[in-house]
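Numbering (our numbering), first residue to last: 4 to 132.
Shown next as structure tokens:
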């Protein structure tokens, strides 16, 4: 999904293509906290002639969406983030079929991961909707 300020040109559209994001200012997830996600988004957008170098980076999607609400830029976010309904934010589905990023979960065999397991279950349920 693309999170945009409510007054953005694509805010009322059902979908947006990645190529349409050529001149956008991005707000993104911290490249130091998640260098693989940053590289994945850079590659994904680069394949559509769109540069990805977020003007502002954050470590939580709630902060990223808050920055979008403040008009600081647009953000590519997981579909489940659209449940975070803030004033002045609209979510637009990305039309490109390649706009998918793999979610990988790693854990130690002997450590219970109840919180992570519950989050994965919720993400799976949300993605199926």
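We put the beta carbon where it would ideally sit given N, CA and C, even for glycine.
message: Does the segment 71-79 come into contact with the segment 21-29, if we say contact requires no fewer than three beta-carbon pairs (one atom in each stretch) closer than 8 Å?
response: yes
8 Å CB neighbourhood of residue 75 in its chain, flanking five on each side removed: Within the same chain, residue 75 has close Cβ partners 28, 30, 58 and 59.
- prompt: What do you reckon, are the CB atoms on residue 98 and residue 18 nearer than 7 Å?
  reply: yes
task: Give the straight-line distance between the Cα atoms of residue 92 and residue 71, rounded to the nearest whole angstrom.
output: 7 Å
message: Let's see if you can read the secondary structure: which residues bound the beta strand (DSSP E) around residue 59?
response: 59-61
- prompt: Relative to the C-alpha of residue 9, which residue among 42, 33 and 90 is closest?
  reply: 90
DSSP-derived helix/strand/coil call for residue 65: helix
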